[in-house]
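Visitor: Under UniProt numbering, the first residue of the sequence shown is numbered 8, with each subsequent residue one higher.
Handing you this structure, nothing more for now.
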Amino acid sequence: QTFAQSPARTMPPPGGVDAVIVGAGFAGMYMLHRLRGLGLSAVVFEQGTDVGGTWYWNRYPGARCDVESMQYSYSFSPELQQDWQWSERFSAQPEILRYAQHVADRLDLRRDIRFETRVTSARFDEAANRWTVTTDRGETVTARHCVMATGCLSSARLPDIAGLEGFQGATYHTGHWPHEGVDFAGKRVAVIGTGSSAIQAIPVIARQAAHLTVFQRTPNFSIPSRNAPMDAEYEGWWKSDYEAHRAKARMMRTGILYGLNEKSALEVTPAERQAEYEARWARGGTAFMASFADLITNRDANDTAADFVRDKIRGLVKDPAVAEILAPKGYPIGTKRICVDTDYFETFNRANVTLVDVRDAPIEAITARGVRTRHGEVEVDAIVFATGFDAMTGALTRIDIRGRGGLGLAEKWEDGPRTYLGLMTAGFPNLFMITGPGSPSVLSNMIVSIEQHVDWLADCFAHLRARGLETIEATREAEDQWVGHVNEVADRTLYPAANSWYMGANIPGKPRVFMPYIGGVGAYREKCAEIAAQGYPGFRLA
Ligand code: FAD
Ligand code: N01
């Protein structure tokens, strides 16, 4: 795919298009580009005012990527990846948003995107083999294909804490940050939550605010990022043979090119183990979890890594009692999304920062003046909810999606999401998900996974068109087998041991199912390619 292959196209009439795409993050943007390349008409609906998805919404202080900049970008265009220059090892949100906007400009994507428009329902008409998609502006569009590029972490969630509406100060959610920014100078601020977003935001807010109180329910393992300005030599190494490096990354377990140690943590001496952890701690970033091959499958191996990080926390935090509250216990390292930080633990040494252990002092209510726990009221001027998302399924089930026989997707997924390959779900012909549950998705460099899904779909659309076929649909049998496989692979790991959003555990009442596929990005890519090459077994084409 090159830019020259995108033919100019004006906005298709709302009467009918080849495809509706919901969402204009990296997934929806690339899907639109590929559809244009096939000469298919498409319209994108996006509830925000511009492209970028995650990087449009999550403008909280400190928001940053933890996949290295040289890898967290599109690979489909040699010109684009050569031209674009990243300024830091790990890009901050404003730069990633500028990159998304640059791609939209360069590919002239916006003319097919309807912004500030939320899709509210999508219904399959069995007689016509068409989807009817309705928006909150009352528009209705019919389409042969409906591509849900709605994002895995786009459905922000506020906790059900009593009294929220009566709070007289300001409230924010990290996933819906005001575009104009927030000035916390002189303010007393509460941050609720200590996941990846909070761990990035807390050090920055602490430097601005008069006082910061952090409400922690579950402590998290976090690795220093060692972020730095982009090293010209390193950039040059990538750009000298970008294609080959990307090709390797696509076959890695996580879609990220970094050094995997194939050894078990238990087969080396304690000194060798310590040296490996120290080297990776010094280098920074999520590659820490690749220190040994069995960290995510063997509890004893995992304990060695978890102990190492707990010891680091005890070394970084001066007050031993605070360090103990911050040291994660009770779940294996990496089974809740590993965090990456800049000065997170050190922030708790500041005189203007207080940590509240919500396990010991549960939040009872938000009052007019602040947060009340069992131990009393903390008065604040602002509350930052860093409380996460209804991950993976939330953005999909918020839309009233109805397939054959009027079956609702939310209803079908009552006991957990069911898909074939994370791409389609039985009973919903021509409805596709990009990085859906049952695909590697959130366990990977997501741009790699997005490109793989979009390319697979583009090939599938070309296949259908070449044969004069109208529909593709996952069979129930293939879906059952895939769901069984996804669970079986997850059960061989330590992941189900944690109360994570991967398991739906952050949403009261959400079924406890490990949602992404942990079989590895490379193996999954091969499986998808093989299925396409064999004429799509497990799918019904008509
Ligand atoms: P999104 O970017 O979420 O875009 C989906 C879009 O769909 C949104 O703009 C949303 O408004 C729109 N939408 C949803 N529903 C509707 C509807 N009904 N109607 C209209 N529009 C709708 N991934 C990594 O690989 N590495 C990282 O370091 C990393 N860091 C992250 C940091 C943060 C703070 C967060 C929240 C996520 C991070 N992720 C990271 C995951 C990130 O979501 C993906 O990398 C990627 O940006 C997802 O792109 P997407 O297009 O699939 O979804
Ligand atoms: O959300 P989270 P996030 N009372 O769900 C707490 C990606 N991301 O926005 O763990 C008190 O992880 C909750 O506590 P607990 C990345 O994939 C990447 O931080 O449920 N606390 C938890 O501490 C990430 O995993 C980056 O006990 C409550 C926090 O809120 C994903 O996005 C940066 C509560 C929520 O953490 C989501 O991250 C940011 C309550 N009632 C995001 N309810 C990178 O660095 C919830 N919590 C790449």
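All residues carry an ideal CB built from backbone N, CA and C; glycine is no exception.
Nothing here was measured: the structure is a model prediction, and the numbers come from that model.
Examine the ligand N01 and report whether any of its heavy atoms sits within less than 7 Å of the Cβ of L160.
Guide: Here residue 160 refers to the residue found at position 153 of the sequence shown. Indeed, a heavy atom of the ligand N01 lies less than 7 Å from the Cβ.
Visitor: So who's on the other strand from C153, going by DSSP bridges?
Guide: Stepping through the sequence shown from its first residue, residue 153 is reached at position 146. V27, L438.
Visitor: Given 7 Å as the limit, tell me if S82 has its C-beta closer than that to any heavy atom belonging to the ligand FAD.
Guide: Residue numbering aside, residue 82 sits at position 75 when the sequence shown is read from its first letter. Answer for S82: no, Cβ out of range of the ligand FAD.
Visitor: Would you mind stating whether I457 and I441 have Cβ atoms separated by less than 8 Å?
Guide: As a working note, residue 457 is residue 450 in the sequence shown. As a working note, residue 441 is residue 434 in the sequence shown. Going by C-beta atoms, I457 is nearer than 8 Å to I441.
Visitor: Measuring from the CB of Q54, is there a heavy atom of the ligand FAD at a distance below 7 Å?
Guide: Numbered from 1 along the sequence shown, position 47 holds the residue referred to as residue 54. For the ligand FAD, at least one heavy atom lies less than 7 Å from the Cβ of Q54.
Visitor: Could you please give the first and the last residue of the uninterrupted alpha helix (DSSP H) stretch that includes R483?
Guide: Taking the sequence shown and counting its residues from 1, one reaches residue 483 at position 476. Here the alpha helix (DSSP H) through R483 covers 483-498.
Visitor: Let me make sure I understand the geometry here. Which of G475, L414, I209, P503 has the alpha-carbon closest to that of I525?
Guide: Here the question's residue 525 lines up with position 518 in the sequence shown. Among G475, L414, I209, P503, the Cα nearest to that of I525 belongs to P503.
Visitor: Counting pairs of beta carbons, one from the stretch 258-267 and one from the stretch 321-341, are three or more of them closer than 8 Å?
Guide: no
Visitor: For the stretch 134-141 against the stretch 372-380, are there 3 or more C-beta pairs whose distance is under 8 Å?
Guide: no
Visitor: With DSSP as the reference, label R214 as helix, strand or coil.
Guide: Stepping through the sequence shown from its first residue, residue 214 is reached at position 207. Three-state result, R214: helix.
Visitor: In terms of alpha-carbon separation, which member of R233, F439, P515 lies closest to F546?
Guide: In the sequence shown, the residue the question calls residue 546 occupies position 539. Selected option, being the one with the closest Cα: F439.
Visitor: Of all the alpha helix (DSSP H) runs that stay within the bounds of the stretch 202-258, which reach a length of 4 or more residues?
Guide: 203-215, 239-247, 249-257
Visitor: Alpha carbon to alpha carbon, how far is R287 from L362? Give it in angstroms, no decimals.
Guide: As a first step, residue 362 is located in the sequence shown; it is residue number 355 there, counting from the start. As a first step, residue 287 is located in the sequence shown; it is residue number 280 there, counting from the start. Spanning the alpha carbons of L362 and R287 requires a straight line of approximately 28 Å.
Visitor: Taking A465 and R41 to be in contact with their CB atoms under 8 Å, please state how far apart those CB atoms are, rounded to whole angstroms.
Guide: Here residue 465 is taken as the residue at index 458 of the sequence shown, counted from 1. Here residue 41 is taken as the residue at index 34 of the sequence shown, counted from 1. Sure, about 4 Å apart at Cβ, within 8 Å.
Visitor: Using only alpha-carbon positions, find the residue among E386, A294, G35, T261 that is nearest to P523.
Guide: Position 516 of the sequence shown, counted from the first residue, corresponds to residue 523. Minimum Cα-Cα distance from P523 among the listed residues E386, A294, G35, T261 corresponds to T261.
Visitor: Per DSSP, W138 forms a beta bridge with which residues?
Guide: Translated into positions along the sequence shown, residue 138 becomes position 131. Its beta-bridge partners are F131, A150.
Visitor: Check whether the stretch 43-58 touches the stretch 163-173, taking contact to mean three or more Cβ pairs, one atom from each stretch, closer than 8 Å.
Guide: no
Visitor: State yes or no: is the C-beta of N513 nearer than 7 Å to some heavy atom of the ligand N01?
Guide: What you label residue 513 is simply residue 506 of the sequence shown in a count that begins at 1. Relative to the ligand N01, N513 has its C-beta within less than 7 Å of a heavy atom.
Visitor: Is S451 near the ligand N01, with its Cβ less than 7 Å from a heavy atom?
Guide: Position 444 of the sequence shown, counted from the first residue, corresponds to residue 451. False, no ligand heavy atom lies under 7 Å from that Cβ.
Visitor: Let me confirm a value: T349 is counted as buried when at least 16 other C-beta atoms fall within 10 Å, else exposed. Which label applies?
Guide: The sequence position of residue 349 within the sequence shown is 342, counting from 1. Buried, since its Cβ has 16 or more Cβ neighbours within 10 Å.
Visitor: Please confirm whether any heavy atom of the ligand FAD lies closer than 7 Å to the CB of F352.
Guide: As a position in the sequence shown, residue 352 is number 345, starting the count at 1. The answer is no for F352.
Visitor: List the DSSP bridge partners of L548.
Guide: Here residue 548 refers to the residue found at position 541 of the sequence shown. According to DSSP, L548 bridges with I479.
Visitor: Quickly, what does DSSP pair T380 with across the bridge? List them, please.
Guide: If you number the sequence shown from 1, residue 380 lands on position 373. Its beta-bridge partners are I370, G383.
Visitor: Got a sec? Which residues, its chain only, sit under 8 Å from G145 by beta carbon, not counting five neighbours each side?
Guide: As a first step, residue 145 is located in the sequence shown; it is residue number 138 there, counting from the start. Answer for G145: no residue qualifies.
Visitor: If the criterion is Cβ atoms closer than 8 Å, does the pair P236 and E95 meet it?
Guide: Start at 1 with the first residue of the sequence shown, and residue 236 comes out as number 229. Start at 1 with the first residue of the sequence shown, and residue 95 comes out as number 88. Cβ atoms of P236 and E95: closer than 8 Å.
Visitor: Since L428 and C346 are thought to touch, with beta carbons under 8 Å apart, how far apart are those beta carbons, to the nearest angstrom?
Guide: Numbered from 1 along the sequence shown, position 421 holds the residue referred to as residue 428. Numbered from 1 along the sequence shown, position 339 holds the residue referred to as residue 346. Taking 8 Å as the upper bound for CB-CB distance, L428 and C346 are not in contact here, some 29 Å apart.
Visitor: Please say whether F33 and residue 3 have beta carbons closer to each other than 8 Å?
Guide: For the chain, the structure presents residues 8 to 549; residue 3 sits outside this window and is missing.
Visitor: I'd like to confirm the pairing. Which residues does DSSP put opposite I408 in its beta bridges?
Guide: By one-based count along the sequence shown, residue 408 stands at place 401. Bridge partners of I408: A129.
Visitor: Let's see if you can read the secondary structure: which residues bound the beta strand (DSSP E) around R195?
Guide: Counting from 1 along the sequence shown, the entry for residue 195 is found at position 188. 195-199 is the extent of the beta strand (DSSP E) around R195.
Visitor: Once the 5 residues before and after W489 are set aside, which same chain residues still bring their CB inside 8 Å of it?
Guide: Position 482 of the sequence shown holds residue 489. Taken in chain order, the residues that qualify are T426, Y427, L428, G445, G545.
Visitor: What is the DSSP secondary structure of M296, counted as helix, strand or coil?
Guide: The residue given as residue 296 occupies position 289 in the sequence shown. Note: M296 maps to helix in three-state DSSP.
Visitor: Compute every distance between the C-beta of D57 and the non-hydrogen atoms of the ligand FAD, then say whether any falls below 7 Å.
Guide: For the purposes of this step, residue 57 is identified with residue 50 of the sequence shown, where counting begins at 1. It does not: the Cβ of D57 is nowhere closer than 7 Å to a heavy atom of the ligand FAD.
Visitor: Just to check, is the beta-carbon of C467 closer than 7 Å to a non-hydrogen atom of the ligand FAD?
Guide: For the purposes of this step, residue 467 is identified with residue 460 of the sequence shown, where counting begins at 1. No, the ligand FAD has no heavy atom inside 7 Å of this Cβ.
Visitor: Measure how close the beta-carbons of A26 and H152 come, nearest whole angstrom, since I'm counting them as under 8 Å.
Guide: As a first step, residue 26 is located in the sequence shown; it is residue number 19 there, counting from the start. As a first step, residue 152 is located in the sequence shown; it is residue number 145 there, counting from the start. About 4 Å separates the Cβ atoms of A26 and H152, confirming a contact at the 8 Å cut-off.
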